[in-house]
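Numbering (the UniProt record's numbering) for the sequence shown: 1 to 136. In this text, a Cβ means the ideal position worked out from N, Cα and C, and glycines have one as well. Data first, discussion second: the structure below is written as structure tokens.
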Amino acid sequence: MLAVPAHHRLVSYDEVSIDDFRHEPVILPERRTRRHSHDLTMNIFKEGGSMPVIAQYAEEKQTILSFVAAGLGIALVPASYKDMNADGVKYLALTPKKHVEGLPLSAMWHQGNNTLYVRSLLEILSDNIDELTREL
1 MLAVPAHHRL VSYDEVSIDD FRHEPVILPE RRTRRHSHDL TMNIFKEGGS
51 MPVIAQYAEE KQTILSFVAA GLGIALVPAS YKDMNADGVK YLALTPKKHV
101 EGLPLSAMWH QGNNTLYVRS LLEILSDNID ELTREL
């Protein structure tokens, strides 16, 4: 998803491609703290044949959305951000020219912990992997 300020020129679009926003200032996390999110943004721009104009680095979801709402830039964000009810932000579907790998879905547990709860969680994740990763 592309998060844009509520009064941005792109708000009338239902979906956007890199061609629509390649020259816009971008808010993104630094690679050292949020490697996957940073790399995903960089890869989308790279696949679109450009480099982002980085306006601001921000680590936390709410900070990123606050910067977007304040008009400091746009941000490429997971679809789950739409549920955060950020005033002053509109979310647009993204249509990259090529498939761009999303964020990985990972599960971790203590080594040797093979309880019913762990097995059940892993079964749920495995049975629903397509649905869970569709919009990452």
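The three-state secondary structure of residue 77, taken from DSSP, is coil. For residue 62, the enclosing alpha helix (DSSP H) starts and ends at 61 to 69. Counting every other CB atom within 10 Å of its CB across the protein chains shown gives residue 73 a total of 16 or more, marking it as buried. When Cβ pairs closer than 8 angstroms are counted between the two stretches, the segment 58 to 76 is seen to touch the segment 12 to 31, the count reaching three or more. The Cβ atoms of residue 20 and residue 13 sit closer than 8 angstroms to each other. If the five residues before and after residue 86 are omitted, its C-beta is found closer than 7 angstroms to the C-beta atoms of 65, 69, all from its own chain and listed in chain order.
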